[in-house]
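Going by the working numbering, the sequence shown opens with residue 788, and the numbers climb by one from there.
Virtual Cβ for every residue (Gly too), placed ideally from N, Cα, C.
Just so you know, these numbers come straight off a predicted model, no measurement behind them.
Remarks on the structure that follows.
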Amino acid sequence: MKQFLISLFLILLLAACGPSAEPAPAADEPGSDNAAVVSERCGDASRLDTELSVYNWTDYIDPEIIDQFEAECSVKVIYDTFSSNEDLLAKLQAGATGYDVIVPSDYMIAIMIQLDMLKELEKANLPNLSNLNEIFVDPPYDPGLVYSVPYQWGTTGIGYNIEATGEIPNSWEWIFNPEKAAQFDGKLSLLNDQREVIGAALKYAGYSMNSVDETELEAAKEVILAIKPYVATFDSDSFSEILVAGDVVIGQGWSGDYFQDIYESENENLGYVIPQEGGVIWTDNLTIPKTAPHPYTAEVFINYLLDAEIGAQLTNWTYFGSPNAAALPMIDDEVKNDPGIYPPEETMAKLEFLSDLGEGTLLWDRIWTEIKSQ
């Protein structure tokens, strides 16, 4: 994995120089007449449907991209959001069948493939796959991109207000050491995501973020419970917004969300750091459920997002890393030159992808339930 991460860094460097369990919204029948399409980015107009249902993470696409796609392709996008991979999986397993495009993370892709939930992609409908950075075309969770297309990538670390911390909190100790955490009583936040929170506690304790060892997981649980009295909230939707608002002064979260809100706030006291122990590196991916009512239109939408210009527009809005090599020249310098977004090699070597836990998932579920209930 370390070799994979270092290769990712080198290639990027060279190129740069939720929800309820109710069913998804009902959609129209496939094969609708859509002769009004004029853009060459919209595929075969005769095969497009008039609606497309997308299920994505919160605040994870420039709204103008949706508007542009609707205008260019005469397709109405029905957009819904979720807060964690587990919420996404639970909703689909509960019977939601109307979604055309979903955006699971790497480890969840592997789970959904095993559960036979995803449609194989028609590569002929995705010519913009050629825009991808070569390191992303054969990922360990979906070799050969049979079911998924990389959307954005990033890291999980610490957002902070240096007026409160006094220095850059470059270790998980600032969150998981009770003496440190007590300084931020009621002003500390954690993600509402069991893989991220337990994983970070495992990393702090010196273990792998993908451990399924019961002793190690129990140790991580005790680490979290020891600082839980000081935690203001478990939040995966607005963690960066509450940092900017001053409701918290330190927290765990995803790189792009922090950068997006910090840059917009123009508050020089706010920052984001990847802890020295390491953390999560992840890739979110565009996929099509087997139950998708509009698979061709879904592939046209995915190919649209793989366009170089659209890919740059996306990253310039989200502040997450782009897997799109053709987009890199158009990405703002403040984004591609920021080490928190495109980390240096030594930092990349300490990051881990979250992997499928297999039967260990039940143990993780129990540990998380015990953490949240105490």
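Counted within 10 angstroms of its Cβ, other Cβ atoms place residue i as buried (16 or more) or exposed
i: Asp-1094; result: buried
i: Asp-925; result: exposed
i: Ile-1158; result: buried
i: Pro-1110; result: buried
i: Leu-908; result: buried
i: Val-933; result: exposed
i: Gln-939; result: buried
i: Asp-815; result: Any reading at Asp-815 must be qualified, since the residue scores a pLDDT of 46, below 50, and its modelled position is unreliable; the value itself is stated next. By the neighbour-count rule (16 or more Cβ atoms within 10 Å), Asp-815 is not buried but exposed.
i: Leu-902; result: exposed
i: Ser-1023; result: buried
i: Gly-931; result: exposed
i: Ala-969; result: exposed
i: Ser-871; result: buried
i: Asn-918; result: buried
Residue nearest to residue i in terms of C-alpha spacing, selected from the options
i: Asp-854; options: Thr-1156, Ser-1160, Ile-1097 and Thr-1105; result: Ile-1097
i: Leu-1138; options: Pro-1062, Leu-1150 and Leu-916; result: Pro-1062
i: Ala-992; options: Asp-980, Glu-1005 and Gln-981; result: Glu-1005
i: Thr-1078; options: Thr-1084, Thr-1020 and Met-904; result: Met-904
i: Ala-1099; options: Ala-1085, Phe-1088 and Asp-1120; result: Asp-1120
i: Ile-1068; options: Asn-918, Ile-1154 and Phe-1140; result: Phe-1140
i: Asn-912; options: Pro-1116, Glu-1086, Asn-1124 and Ser-958; result: Glu-1086
i: Trp-961; options: Ile-1014, Asn-915, Tyr-934 and Arg-982; result: Ile-1014
i: Asp-867; options: Ala-877, Gln-880 and Asp-846; result: Asp-846
i: Leu-875; options: Ser-998, Ile-1037 and Asp-980; result: Asp-980
i: Glu-838; options: Ser-861, Ser-1023 and Asp-849; result: Ser-861
i: Thr-884; options: Ser-840, Ser-1142 and Asn-872; result: Ser-840
i: Val-864; options: Ala-877, Asn-915 and Asn-843; result: Asn-843
i: Ile-900; options: Ala-1112, Ser-935 and Val-1060; result: Ser-935
i: Lys-910; options: Gly-1147, Ile-922, Thr-1074 and Ser-1142; result: Thr-1074
i: Pro-927; options: Leu-1149, Leu-1150, Glu-1146 and Ser-1142; result: Ser-1142
i: Thr-1105; options: Asp-929, Ile-852, Asp-836 and Leu-879; result: Ile-852
i: Leu-1150; options: Thr-1134, Ile-985 and Ala-877; result: Ile-985
i: Ala-987; options: Gly-1040, Leu-1030 and Phe-971; result: Gly-1040
i: Tyr-994; options: Met-1135, Lys-878 and Glu-1064; result: Glu-1064
i: Gly-1066; options: Thr-1134, Glu-1051 and Ile-1118; result: Thr-1134
Expected contact under 8 Å - CB spacing of residue i and residue j to nearest Å
i: Gly-1108; j: Gly-941; result: 6 Å
i: Glu-950; j: Asn-1056; result: 5 Å
i: Leu-1092; j: Asn-997; result: Leu-1092 to Asn-997, Cβ: 29 Å. No contact.
i: Pro-1076; j: Tyr-886; result: 6 Å
i: Phe-1021; j: Val-888; result: Going by Cβ atoms, the distance from Phe-1021 to Val-888 rounds to 28 Å, so no, they are not a contact pair.
i: Gly-1038; j: Ile-1049; result: Actually they do not touch by this definition, with Cβ atoms about 12 Å apart.
i: Thr-1102; j: Val-1122; result: 6 Å
i: Ile-896; j: Asn-1090; result: With 8 Å as the limit, Ile-896 and Asn-1090 do not qualify as a contact, their Cβ atoms being about 19 Å apart.
C-alpha distance - residue i paired with residue j, whole-angstrom precision
i: Ala-1032; j: Lys-906; result: 42 Å
i: Asp-1152; j: Leu-977; result: 17 Å
i: Ile-898; j: Asp-1000; result: 20 Å
i: Pro-1116; j: Ser-1042; result: 21 Å
i: Thr-1070; j: Gly-944; result: 15 Å
i: Glu-1028; j: Val-1018; result: 16 Å
i: Pro-1126; j: Ser-833; result: 45 Å
i: Trp-1155; j: Asn-948; result: 28 Å
i: Gly-830; j: Pro-1082; result: 13 Å
i: Phe-869; j: Glu-1132; result: 32 Å
i: Lys-1008; j: Glu-1053; result: 36 Å
i: Ser-826; j: Ser-892; result: 30 Å
i: Phe-1026; j: Gln-1047; result: 12 Å
i: Pro-1016; j: Phe-963; result: 12 Å
i: Pro-937; j: Val-1010; result: 34 Å
i: Gln-1161; j: Ala-881; result: 27 Å
i: Ala-808; j: Glu-873; result: Reliability fails at Ala-808, whose pLDDT of 40 lies under 50, so the model's placement of it is uncertain and no value is given.
i: Val-1060; j: Asn-915; result: 33 Å
i: Pro-850; j: Ala-1114; result: 18 Å
i: Tyr-1129; j: Gly-973; result: 31 Å
i: Thr-1002; j: Asn-920; result: 39 Å
i: Asn-957; j: Ala-858; result: 45 Å
i: Glu-983; j: Trp-959; result: 12 Å
i: Val-1035; j: Ile-848; result: 25 Å
i: Leu-1012; j: Leu-989; result: 13 Å
i: Thr-1164; j: Ala-1112; result: In the structure displayed, the chain extends from 788 to 1161; residue 1164 sits before or after that span and is not available.
i: Pro-965; j: Pro-1080; result: 50 Å
i: Glu-1146; j: Arg-828; result: 43 Å
i: Phe-971; j: Ile-1118; result: 36 Å
i: Asp-836; j: Asn-1124; result: 40 Å
i: Ile-922; j: Val-890; result: 19 Å
i: Phe-856; j: Lys-967; result: 47 Å
i: Ala-1051; j: Thr-1084; result: For clarity, residue 1051 is Glu in the given sequence; the question names Ala instead. Computed Cα separation, rounded: 34 Å.
i: Leu-1192; j: Ala-1136; result: There is no way to answer for residue 1192, as the model of the chain reaches only from 788 to 1161.
CB contact below 9 Å: residue i versus chain C
i: Val-936; result: Checking the listed chains, one finds no chain C in this structure; it contains a single protein chain.
For the stretch 862-919, list the beta strand (DSSP E) runs that are entirely contained and at least 3 residues long, ordered along the chain. 863-869, all fully within the stretch 862-919.
Report the start-end ranges of each alpha helix (DSSP H) in the stretch 916-997 that is 4 residues or longer and not cut off at the edges. Runs of the alpha helix (DSSP H) inside the stretch 916-997: 949-952, 960-963, 965-969 and 981-991.
Let me know the alpha helix (DSSP H) ranges lying completely inside the stretch 1075-1157, each 4 residues or longer, listed in chain order. Here the runs fully enclosed are 1082-1092, 1095-1105, 1120-1123 and 1132-1135.
Entirely enclosed beta strand (DSSP E) segments - the stretch 1035-1078, minimum 3 residues: For the stretch 1035-1078, whole beta strand (DSSP E) runs of length 3 or above, ordered along the chain, are 1037-1041, 1057-1060 and 1068-1074.
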